[in-house]
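Protein chains in written order, with numbering that gives the first Met the number 0: chain A, 0 to 481; chain B, 0 to 481.
Ideal Cβ positions, reconstructed from N, Cα and C, are used throughout, including at glycine.
Predicted, not measured: the structure shown is a model, and the values here were computed from it.
Notes for the one structure printed next.
2 protein chains.
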Amino acid sequence: MTAVGSFEELDRAMTPASLAIAGVGQTGMGRLFLSRVVQYGFKGPVYPLHPAGGEALGLKVYPNVNDVPGPVDYVVSCVSAPRVPQLIVDCATKGVRAVCVFTAGYSETGTAEGRQLEEDLVRLARATGVRVIGPNCMGVFCPKAGLSVASDAPREQGRVGLICQSGGNAMYLIRAAGDRGIRFSKAVSYGNACDLDETELLEYFTQDGETDMVAAYVEGVKDGRRFLGAVKRLAAEKPFVVLKGGHTAAGTGAAASHTGALAGSDSVWDSLLEQIGAIRVHTLDEMVDMMVTFQFMPVPGGRRLVVFGVGGGATVLTTDDCSALGFTFPPLPADVRQELHEAVGGDAGNILGNPVDIPPMVGTNEGYQRLLRRMLGWDGVDLLLYQLPFRGIMLKVPLAHMIFGSQMANVVRVAGEGIKPVAVVIHYLATGEGWREASTYVRQAWESGLPAYYSAASAARAIDRLLRYHERMRTGPPSPDG
Amino acid sequence: MTAVGSFEELDRAMTPASLAIAGVGQTGMGRLFLSRVVQYGFKGPVYPLHPAGGEALGLKVYPNVNDVPGPVDYVVSCVSAPRVPQLIVDCATKGVRAVCVFTAGYSETGTAEGRQLEEDLVRLARATGVRVIGPNCMGVFCPKAGLSVASDAPREQGRVGLICQSGGNAMYLIRAAGDRGIRFSKAVSYGNACDLDETELLEYFTQDGETDMVAAYVEGVKDGRRFLGAVKRLAAEKPFVVLKGGHTAAGTGAAASHTGALAGSDSVWDSLLEQIGAIRVHTLDEMVDMMVTFQFMPVPGGRRLVVFGVGGGATVLTTDDCSALGFTFPPLPADVRQELHEAVGGDAGNILGNPVDIPPMVGTNEGYQRLLRRMLGWDGVDLLLYQLPFRGIMLKVPLAHMIFGSQMANVVRVAGEGIKPVAVVIHYLATGEGWREASTYVRQAWESGLPAYYSAASAARAIDRLLRYHERMRTGPPSPDG
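Right under this line is the structure:
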């Protein structure tokens, strides 16, 4: 039976005003943890702990958390597993309410010893009232508090909440989503979930007024019924995207060995999660696509799509990818086509019906913008996908960059007028030496509030999920009590 | 009825020793084409053509191809469509055997006028014996001849042949595959295929001694029976990978408008192509994955896989991805596990059975290499997948780069001993500012003869296709006459 904390109790751990790190020696993980947290810029006092005392990175090292002069909201354990119980007891004495046990060596080892250590840890947490995050995890990422174990994570606070059983996957998601404009309210890597578990975390994010959307990477669930109840309540309030790690038999074994998780059968997960309004994805990058879509994509009125951009072959493949997911391509009316012909010039080799394949260089910026307005303003269309196959033209990077830069500026400008939703696709994997230039378009897109994707297939899949989500919500959101 | 050229005739067009470009004015596509070709470094003489004569990029401009002093193997038409017939006639007089009609404005426009122009062009080609590549295409890419319309394309000759109905997709493939170590014998963007078509090109590559593997991006096929016969003969000799553009109804429409192609029904393609030994892929990046796999991956003896690398969560997802495609994860024997424990240290948080999740920093290089040799040498395994989730750890780019650099060096060294096949996965999309560093691992992999992939899912899919290909070939390759 898991303890259930109040929202306020958890919120103090999620946005701590003071922090201690146990196990800060001259080298090792405690030291590394400290340097990352300091570099990222924790906003309150940071207290390194080590029996030897002394100094670390110019900070006084305290032998024990009870030697710390001020209050401590959050403690990170980088001591070895056998030393963790005394740390918990000390924390209880100090009045610390939450300890992130970065320390590994528990049930994930698959040994009797590891399981026993974890059982003891849970018993101690219950007895002392100290909440344990982990063990075997990186704990809380909270830009508002200045708390991050990755010093290069984005510093701005956002409105996406993340729970992630794997610390590495959390780092990947924070960086990959960060590159596409996603900022987090809080993200929690929660490892073996021996005390604070996935269900309680979802309940926290359901209540959290700083979070508009929640994503979860979950390898196993301790109590399926409680978890599904929490998902149901969350999904009724906020978009909830979930990736199940260990969904194959072999993956289940790996998950057990990674975080000691008991993963459920795949088909059960699939049907239950969809039924109660969760959006299930299958890769970390699909998860980022959904964050981007919920954050930056206004809900299109339907699936009538105009594909617009450079490259005939890219256009054909994009049409295939979008069509396979139910998007339709209404032929542009004669007057819009006429305008297109005038803007593009009589020169052919371009697909001007819909999809629209234009040459890299097109007339004036004014003409280009007028065209976009005409297409978006036509009442036969619900959304526009602009694609930029940066390395799919004969030009070298600098010239391509100049040309596409002015195209992007036009797209961003007209999209900002809010006539209809616009998605941007930067075909990414062939960017090669043009990667830096291509990534400026991704940044330009999200800084202007537009969703940017790396392929048409991923854009289509994400927008399809957005549409299906809103269709479900319209026909009646899942009742939190049903 | 299409003319069928001899191998020698086509080979002269594919590896021209001399080149003329028609329509080289002071600006425009002819000028651009010329500058690209000169920058890339065409190995024979280049003759710009324009009625006004003069000079272009320091080269004498000839009013007519018949004014050129020496022989001309290959002519690129950048003149407008109405001027193309006279160019063809002039070429016939000159003895030019192949003209790449870059010019667009033909059947892809969907207009009666465009169709008429294309019919006239075919009739003229037949009457004069001049072979036409295109229209509406970029033509031949041949590193051996120094012929490329993209001056930044790789300069080395390789042994992969490519036919690509779309010029933009050809550029994308040449660059994306180039980043992963693929070099081409010849690649042909063949556009509307009014004369030289997909079938004849496949027959050329079947015979070409400089080509070991062939990839094709095809939007439509002029004569299905001839095409399937050519595929059958090709697939009996060399691996053949095909991507069908316009495989949905909407995509078919786009393809018609892009290259005037009449695309066939998807299900027919699928079953016929698989039956006769072709490997069908669904994206350009999957196509590159197959090139990489055929070029760099020795055929594993089976599907018994060891996954080895950093990151518990990455390992769980990789296991899911590989397991879903039929790969199995035999538990490492006790003695190998013992060696792993010794190398990694007693520290847990790592999955040491199989998949193997190791910490970023692992003991000595000698110990690391010994471990790899033990795993590869164990007779219960067929291949090893090493994964590097570069941005999935808490470290910043420079430190991660230092650590992973030494891991990669160990992997490359042991893989080079050829004990068992090794694949490298560089999780790519979250590389963000570490992109440049991550790409050095990709280069290091292929320069050492290892296949490098951007995700575990794409690696598993490609290696699965390789295995199925060889299973089919073992049970009897398709008879070229059957």
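Check                                                                                                                                                                             : Outcome
Use the C-beta contact count for A/Lys-419: other C-beta atoms within 10 angstroms, 16 or more gives buried, fewer gives exposed.                                                 : buried
If the cut is a Cβ gap below 8 angstroms, which residues of chain A does B/Met-360 touch?                                                                                         : Residues of chain A passing the Cβ test: none, with the nearest at roughly 11 angstroms.
Determine the direct distance from the alpha carbon of A/Pro-68 to that of A/Ser-17, and round the result to whole angstroms.                                                     : 11 angstroms
In terms of residue numbering, what span does the alpha helix (DSSP H) encompassing A/Asp-288 cover?                                                                              : 283-295
Starting from the beta carbon of A/Leu-466, find every residue of chain B whose beta carbon is closer than 9 angstroms, and list them in chain order.                             : Going along chain B, no residue has its Cβ under 9 angstroms from A/Leu-466, so there is no contact; the nearest lies around 17 angstroms.
Whose CA, out of B/Pro-388, B/Asn-409, B/Ile-392, B/Gly-362, lies closest to the CA of B/Ser-438?                                                                                 : B/Pro-388
Using beta carbons (cut-off 8 angstroms, strictly below), is A/Leu-428 in contact with chain B?                                                                                   : yes
In three-state terms, what does DSSP make of A/Ala-55?                                                                                                                            : strand
For A/Ala-19, I'd like the list of residues in its chain whose CB is within less than 7 angstroms of its CB, leaving aside the five on either flank, ordered along the chain.     : Tyr-46, Leu-48, Val-64, Val-67, Val-71, Val-74
If I measure Cβ to Cβ from B/Gly-157 and keep anything under 7 angstroms in the same chain, skipping five residues before and after, which residues do I get?                     : Ile-181, Arg-182, Phe-183, Ser-184
Strictly below 8 angstroms CB to CB, what residues from chain C border B/Thr-363?                                                                                                 : No chain C is part of this structure, whose protein chains are labelled A and B.
Closer than 8 angstroms, CB to CB, is B/Leu-316 near chain A or not?                                                                                                              : yes
Is the beta carbon of B/Ser-454 sitting closer than 8 angstroms to the one on B/Val-424?                                                                                          : yes
For A/Lys-395, would you say it is in contact with chain B, using Cβ-to-Cβ distances shorter than 8 angstroms as the test?                                                        : yes
So that I know if they touch, is there some Cβ in chain B lying closer than 8 angstroms to that of A/Ala-347?                                                                     : With a pLDDT of only 46 at A/Ala-347, under 50, the local geometry of the prediction cannot be trusted, and the value read off the model is given with reservation. Chain B contact via Cβ: present.
Any idea which residues DSSP pairs B/Leu-387 with across the strands?                                                                                                             : B/Ile-425
Any idea what DSSP makes of B/Ala-414, helix, strand or coil?                                                                                                                     : helix
Which residues does DSSP list as the beta-bridge partners of A/Arg-130?                                                                                                           : A/Ala-97
Quick check: is the beta carbon of A/Gly-312 nearer than 8 angstroms to any beta carbon in chain B?                                                                               : yes
Please list, in chain order, all residues of the same chain as A/Ala-80 whose beta carbon is under 7 angstroms from its beta carbon, the five residues on each side excluded.     : Thr-102, Gly-104, Tyr-105, Leu-116
Can you tell me where the beta strand (DSSP E) with B/Cys-163 in it begins and where it stops?                                                                                    : 159-163
Output the distance between the C-alpha atoms of A/Phe-487 and A/Thr-198, rounded to the nearest integer angstrom.                                                                : Absent from the structure is residue 487 of chain A, since the part of chain A shown begins at 0 and ends at 481.
To the nearest angstrom, how far is the alpha carbon of B/Tyr-189 from that of B/Val-298?                                                                                         : 32 angstroms
Start and end of the alpha helix (DSSP H) containing A/Tyr-39?                                                                                                                    : 28-39
For B/Arg-279, report the span of its beta strand (DSSP E) as first-last.                                                                                                         : 278-280
Considering Cα atoms alone, identify which of B/Thr-318, B/Met-296, B/Ala-176 is closest to A/Gly-431.                                                                            : B/Ala-176
Cutting at 6 angstroms between CB atoms, please list the residues of its own chain near B/Met-212, excluding the five before and the five after it.                               : Val-159, Lys-237, Pro-238, Phe-293
Should the segment 397-405 of chain A be regarded as contacting the segment 461-468 of chain A, the criterion being three or more beta carbon pairs within less than 8 angstroms? : no
Since A/Thr-282 meets chain B, which of its residues come closer than 9 angstroms, beta carbon to beta carbon?                                                                    : Leu-316, Asp-320, Ser-454, Ala-456
With B/Gly-301 and B/Asp-381 assumed to form a contact (beta carbons below 8 angstroms), what rounded beta-carbon distance in angstroms separates them?                           : 4 angstroms
For B/Asn-364, which residues from the same chain have a beta carbon less than 7 angstroms from its beta carbon, with the 5 sequence-adjacent residues on both sides left out?    : Ser-405, Asn-409
Just to confirm, is the Cβ distance from B/Gly-352 to B/Pro-330 under 8 angstroms?                                                                                                : yes
Report the residue from A/Asn-191, A/Gln-368, A/Arg-372 whose alpha carbon sits nearest the alpha carbon of A/Arg-114.                                                            : A/Asn-191
Compare the C-beta of B/Pro-354 with all C-beta atoms of chain A and state if any pair is closer than 8 angstroms.                                                                : yes
CB B/Ala-422 to CB B/Leu-384, shorter than 8 angstroms?                                                                                                                           : yes
Inspect the beta-carbon positions of B/Val-315 and A/Ala-169 and report whether they are closer than 8 angstroms.                                                                 : no
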